[in-house]
Ligand code: SF4
């Protein structure tokens, strides 16, 4: 069978997307009008498929040369029932699924521990696994002495002494919680159901359990954020530092980047985020908080990749081999923008700010409109409106 025929056969397999078999069209303002299959026998929409068995994934290659060296990583849950409005891990992977303790998690831990003492439990919201406390009890067995256990970030309200003591016993020094913001208003907007008391309780349990550090994740540039919200973040972290002395606090903060198939996909990157990152550092660093901002420029590159369409392919090609900086991406973008490939089909790149910073109209045709995720665009818009209008 020839390659072209193979691609056509593959395109009919549910969940398989063959971009070459779809043709976008743009108007004279370089805005997307529609994306259609090139022939009537190719499906109009590609519907994301969902794995529904009671096992999830785990590492198959353990090597010192990976991003997380020598760790056997085990996926505990997929998606997250919390539905924070920016969260791709939650929305794109719905529904929330969990690996069975007996058939999935226990065999995966046993298998990994034969090869390495470093075990990582992963997932968008691992402590919400209904059998998580059973898993913790099982991991206390003497058989696992010498294990170094790491967890992905957990919901603050699920941190308890049982968990922090196990982490300490399994050679972990810290636990990570995502607070997003110290401002209750912002947490409401992003649908983060987290009370300030829960953050303080998590810190207290971390210390009582014997851990020496607490890592918190946050974001700047979230919708409606203003200076007062930032002040509340600073104030929360400073009082945490004061009240729970002896616990090393790290605040990792990134800039909000819109992601496809989430309710915030229409919202752009706030250019004020850059200054806000600097301002947080100014107040937190001198007060003994380990401040770890993600590069604002890197967030802009992420947003470019996140909200562009196939027209970006030529930019990616052009930037290849250049220094991986925002300057290189901007330069390549400009070059390609000034040299459209196909004048007849208006494939000129849209304006930079339109992709990165502007808020998109709800009626706008999205580059991923032919890819059907777990929720429809209308449902995502409802979640967007609930967040923004009710707060
Ligand atoms: S709690 Fe964390 S994983 Fe769950 S939706 Fe919110 S950000 Fe995503």
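Residue numbers (the numbering used here): 1293 to 1683.
Think of the CB as a built atom: it goes at the ideal place given N, C-alpha and C, for glycine as much as any other residue.
Since we're looking at a predicted model, the values are computed, not measured.
> Taking the continuous alpha helix (DSSP H) assigned at residue 1487, which residues delimit it?
Replying inline: The sequence position of residue 1487 within the chain shown is 195, counting from 1. Element bounds for residue 1487: n/a, residue is neither H nor E.
>> Can you give me the C-alpha to C-alpha distance between residue 1598 and residue 1490, rounded to a whole angstrom?
In response: For the purposes of this step, residue 1598 is taken as the residue at position 306 of the chain shown. For the purposes of this step, residue 1490 is taken as the residue at position 198 of the chain shown. Between residue 1598 and residue 1490, the C-alpha separation is close to 33 Å.
> Among the residues of its own chain, which have a CB less than 7 Å from the CB of residue 1499, if the five just before and after it don't count?
Replying inline: Here residue 1499 refers to the residue found at position 207 of the chain shown. If we look at residue 1499 and ignore the five residues flanking it on each side, its Cβ neighbours are 1536, 1538, 1539.
>> Is residue 1382 a contact residue of ligand 1, with contact defined as CB to any heavy atom under 7 Å?
In response: Position 90 of the chain shown, counting from 1, holds the residue named residue 1382. Checking the 7 Å criterion, the Cβ of residue 1382 is within range of a heavy atom belonging to ligand 1.
> By how many angstroms is the C-alpha of residue 1339 removed from the C-alpha of residue 1331?
Replying inline: Locating residue 1331 in the chain shown gives position 39, counting from the first residue. Locating residue 1339 in the chain shown gives position 47, counting from the first residue. So the two alpha carbons sit approximately 18 Å from each other.
> Name the DSSP beta bridge partners of residue 1454, please?
Replying inline: Walking along the chain shown from the start, residue 1454 turns up at place 162. DSSP lists no partner for residue 1454.
> With burial defined as no fewer than 16 other Cβ atoms inside 10 Å of the residue's Cβ, what is the status of residue 1353: buried or exposed?
Replying inline: Position 61 of the chain shown holds residue 1353. Burial call: exposed.
> Which term fits residue 1483, buried or exposed, when burial requires 16 or more other beta carbons within 10 angstroms of its beta carbon?
Replying inline: Within the chain shown, residue 1483 is the residue found at index 191, counting from 1. Answer is buried; the Cβ neighbour count reaches 16.
>> Just to confirm, is the Cβ distance from residue 1558 to residue 1651 under 8 Å?
In response: Here residue 1558 refers to the residue found at position 266 when the chain shown is read from its first residue. Here residue 1651 refers to the residue found at position 359 when the chain shown is read from its first residue. Closer than 8 Å, so yes.
> Under 7 Å from any heavy atom of ligand 1, does the C-beta of residue 1370 make it?
Replying inline: Stepping through the chain shown from its first residue, residue 1370 is reached at position 78. It does not: the Cβ of residue 1370 is nowhere closer than 7 Å to a heavy atom of ligand 1.
> Got a sec: does ligand 1 put a non-hydrogen atom nearer than 7 Å to the Cβ of residue 1584?
Replying inline: Position 292 of the chain shown, counting from 1, holds the residue named residue 1584. It does not: the Cβ of residue 1584 is nowhere closer than 7 Å to a heavy atom of ligand 1.
> Within 10 angstroms of its Cβ, does residue 1521 collect 16 or more other Cβ (buried), or is it exposed?
Replying inline: Taking the chain shown and counting its residues from 1, the one referred to as residue 1521 is at position 229. So residue 1521 ends up on the buried side.
> Can you check whether the CB of residue 1676 is closer than 8 Å to the CB of residue 1585?
Replying inline: Here residue 1585 corresponds to residue number 293 of the chain shown, with the count starting at 1. Here residue 1676 corresponds to residue number 384 of the chain shown, with the count starting at 1. No, the pair does not count as a contact, with Cβ atoms beyond the cut-off.
> What's the C-alpha gap between residue 1660 and residue 1552?
Replying inline: For the purposes of this step, residue 1660 is identified with residue 368 of the chain shown, where counting begins at 1. For the purposes of this step, residue 1552 is identified with residue 260 of the chain shown, where counting begins at 1. When rounded, the distance between both Cα atoms is 7 Å.
>> Going by C-alpha to C-alpha distance, which of 1438, 1326, 1387 sits closest to residue 1341?
In response: Counted from its first residue, the chain shown places residue 1341 at position 49. Comparing Cα-Cα distances from residue 1341 to each of 1438, 1326, 1387, the minimum goes to 1387.
> Across which residues does DSSP place residue 1664 in a beta bridge pair?
Replying inline: Here residue 1664 refers to the residue found at position 372 when the chain shown is read from its first residue. In DSSP, residue 1664 forms a bridge with 1339.
>> Please state the DSSP three-state secondary structure of residue 1624.
In response: In the chain shown, the residue the question calls residue 1624 occupies position 332. Residue 1624 falls in the helix class under three-state DSSP.
>> What would DSSP say about residue 1676, mapped onto helix, strand or coil?
In response: By 1-based counting over the chain shown, the position of residue 1676 is 384. Residue 1676 falls in the helix class under three-state DSSP.
>> So residue 1410 and residue 1364 are supposed to be a Cβ contact under 8 Å. How far apart are they, rounded?
In response: Sequence index remark: in the chain shown, residue 1410 carries index 118 (1-based). Sequence index remark: in the chain shown, residue 1364 carries index 72 (1-based). Contact holds; Cβ gap of about 7 Å.
>> Since residue 1346 and residue 1423 should fall inside the 8 Å C-beta cutoff, what is the C-beta to C-beta distance between them, to a whole number of angstroms?
In response: Mapped onto the chain shown, residue 1346 falls at position 54. Mapped onto the chain shown, residue 1423 falls at position 131. With 8 Å as the limit, residue 1346 and residue 1423 do not qualify as a contact, their Cβ atoms being about 11 Å apart.
>> Taking 6 Å as the limit between beta carbons, can you name the residues of its chain near residue 1633, skipping five residues before and five after?
In response: As a position in the chain shown, residue 1633 is number 341, starting the count at 1. Excluding residues within five positions, the ones whose Cβ falls inside 6 Å are 1639.
>> With a threshold of 6 Å on Cβ separation, who are the neighbours of residue 1594 within its own chain once the five nearest residues in sequence on each side are excluded?
In response: Here residue 1594 refers to the residue found at position 302 of the chain shown. Result list for residue 1594: 1549, in chain order.
> Contact between the stretch 1520 to 1534 and the stretch 1567 to 1580: three or more CB pairs below 8 Å?
Replying inline: yes
> Which residues in the same chain have their Cβ closer than 6 Å to the Cβ of residue 1663, if we skip the five residues on either side of it in sequence?
Replying inline: On the chain shown, residue 1663 is found 371 positions in, with the first residue counted as 1. Closer than 6 Å at the Cβ level, and outside the excluded window around residue 1663, lie 1338.
> Where DSSP assigns a beta bridge to residue 1315, which residues make up the other side?
Replying inline: Mapped onto the chain shown, residue 1315 falls at position 23. BP columns for residue 1315 point to 1328.
>> Assuming contact is defined by CB atoms lying nearer than 8 Å, are residue 1454 and residue 1428 in contact in what I supplied?
In response: Position 162 of the chain shown, counting from 1, holds the residue named residue 1454. Position 136 of the chain shown, counting from 1, holds the residue named residue 1428. A contact, by the Cβ cut-off of 8 Å.
>> Suppose only complete runs of 3+ residues qualify. What are the beta strand (DSSP E) ranges in the stretch 1387 to 1428, listed by chain order?
In response: 1410 to 1414
> How far does the beta strand (DSSP E) with residue 1300 in it reach, from first residue to last?
Replying inline: Within the chain shown, the letter at position 8 stands for residue 1300. Segment 1295 to 1303 is the alpha helix (DSSP H) holding residue 1300; no beta strand (DSSP E) there.
> Which residue's Cα is closest to the Cα of residue 1567: 1512, 1493, 1525?
Replying inline: In the chain shown, the residue the question calls residue 1567 occupies position 275. For the residues 1512, 1493, 1525, the minimum Cα distance to residue 1567 belongs to 1512.
>> Using the Cβ count rule (16 or more neighbours within 10 Å means buried), how would you classify residue 1624?
In response: Position 332 of the chain shown holds residue 1624. The residue in question, residue 1624, is buried, as its Cβ has 16 or more Cβ neighbours within 10 Å.
>> When you compare the CB positions of residue 1350 and residue 1400, do they come within less than 8 Å of one another, or not?
In response: Residue mapping note: residue 1350 aligns to position 58 of the chain shown, counting from 1. Residue mapping note: residue 1400 aligns to position 108 of the chain shown, counting from 1. Yes. Within cutoff.
>> Just to confirm the assignment, what range does the beta strand (DSSP E) spanning residue 1471 have?
In response: For the purposes of this step, residue 1471 is identified with residue 179 of the chain shown, where counting begins at 1. Here the beta strand (DSSP E) through residue 1471 covers 1466 to 1472.
> Within the present structure, is the beta-carbon of residue 1324 separated from the nearest heavy atom of ligand 1 by less than 7 Å?
Replying inline: Here residue 1324 refers to the residue found at position 32 when the chain shown is read from its first residue. Incorrect: residue 1324 has no Cβ contact closer than 7 Å to ligand 1.
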